[in-house]
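For the sequence shown, our numbering begins at 16 and goes up steadily by one.
Positions of the beta carbon are idealized from the N, C-alpha and C atoms, including for glycine.
This report refers to the structure that appears directly beneath it.
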Amino acid sequence: MRATPGAAGERGRDFLLGREIPPADQPALLAALERAVRERTDLRPRVGLVLGSGLGGLADALELEASIPFEELPGWPDATAPGHAGKLLFGRLSGVPVVVQQGRFHLYEGHSAGFVVQPVLLMGRLGAWAVVLTNAAGGVNPEFGAGTLMAITDHLNLTGRSPLVGPNAPEIGTRFPDMTAVWDVDLRLRLHAAAEAERVALADGVYACLMGPSYETPAEVRMLARLGADAVGMSTALEAAAARWAGLKVCGVSLVTNPGAGLSGAQLSHAEVLAAAELAGPLLASVLARFIGELDPQ
Ligand code: HPA
């Protein structure tokens, strides 16, 4: 399956789209990615930051050292979702060396679970000890209107997919990784401290990840509420699980761009999601810049 009809045969497009990548294949693929990055920059990131839909502006605060378009990395396509820029940025945020994924890969584009998580695994391989995952999400909790920022306390992976299926790579992580504490409590408390200092309201909640690309039906949103979700989106959970498997610390924030389907009577559109993300994005950027600047060196 191809996400970009007619693109078959174009340079770099007939890569791995949809090809399953078992964990055992990741080390060699990550080694090639690491070599490609090292041809462009020596920067050793301490933290990795993944920017979700409409949140690419968070990169503006970066003192940029290198910018690598996804398609210049082995096996990577350009990011195809509108609102996703498709670059790996290296630089300093509040003085801390970071790598920023501006735009991400999604299952709904036809990518395999193993491919979706390669960026976070690469971040770890390049030196990051923690990753910060951001996304745009629909509000499932009726109290979470557009503009709500929610620190992620836990997730529901409802995609039916896992990046950890297939022969394992024990040099990266264990076969049966513990998922009791995917979302690091200490990092989340630090996110709250940064938000308080920036006078930005930050809620807590559970993120449910569905495959998309359709938004949910109202019945699905009611189901998600009964399952314990506070927000819903189409990313993040696989990356979080893979990062944890690889021994990285994980934290994240959802920016609620709309009440979930059926909660407001309005229909959902990607344009509205992007507009709402751009509106609240600067607040999240100020929280993350402070959060990263105040992290202890590890
Ligand atoms: N559902 C799923 N993903 C989303 C939504 C939503 O309502 N809003 C932004 N991303």
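Item                                                                                                                                                : Value
Which runs of the beta strand (DSSP E), 3 residues or longer, sit entirely within the region 128-203?                                               : 145-154, 164-172
Where the beta carbon is closer than 6 angstroms to any heavy atom of the ligand HPA, which residues qualify, in chain order?                       : A151, A152, G153, Y230, E231, V247, G248, M249, T272, N273, G275, L283, V288
Going by DSSP, name the residue or residues bridged to R107.                                                                                        : E78, P112
Can you tell me which of R107, F105, T251 puts its alpha carbon nearest to the alpha carbon of L171?                                                : T251
Which of the three DSSP states is assigned to G21 in this structure?                                                                                : Per-residue confidence for G21 stands at a pLDDT of 42, beneath the threshold of 50, marking its modelled position as unreliable; the derived number appears in the next sentence. Of the three classes helix, strand and coil, the one that applies to G21 here is coil, per DSSP.
What did DSSP end up calling V247 once you bin it into helix, strand or coil?                                                                       : strand
Rounded to the nearest angstrom, what separates A51 and P89 at their Cα positions?                                                                  : 7 angstroms
Hey, could you find the ends of the alpha helix (DSSP H) P42 is sitting in?                                                                         : 41-53
When DSSP builds the beta bridges, which residues end up paired with I307?                                                                          : DSSP output for I307 lists no bridge partner at all.
Identify which residue in D193, N273, A290, P134 has its Cα closest to the Cα of P42.                                                               : P134
Are there 16 or more other CB atoms within 10 angstroms of the CB of M138, so buried, or fewer, so exposed?                                         : buried
Count the CB pairs spanning the region 197-217 and the region 273-284 that are closer than 8 angstroms, and state whether there are at least three. : no
State the Cα-Cα distance for the pair L44 and A255, rounded to the nearest angstrom.                                                                : 19 angstroms
Cβ of I36 within 8 angstroms of Cβ of G188?                                                                                                         : no
Per the contact definition of three or more C-beta pairs closer than 8 angstroms, is the region 108-128 in contact with the region 58-73?           : yes
Using only alpha-carbon positions, find the residue among Q282, V155, R203 that is nearest to L319.                                                 : Outside the modelled stretch of the chain, which goes from 16 to 313, sits residue 319, for which no answer is possible.
Quick check: D93 and F85, are their CB atoms within less than 8 angstroms of each other?                                                            : yes
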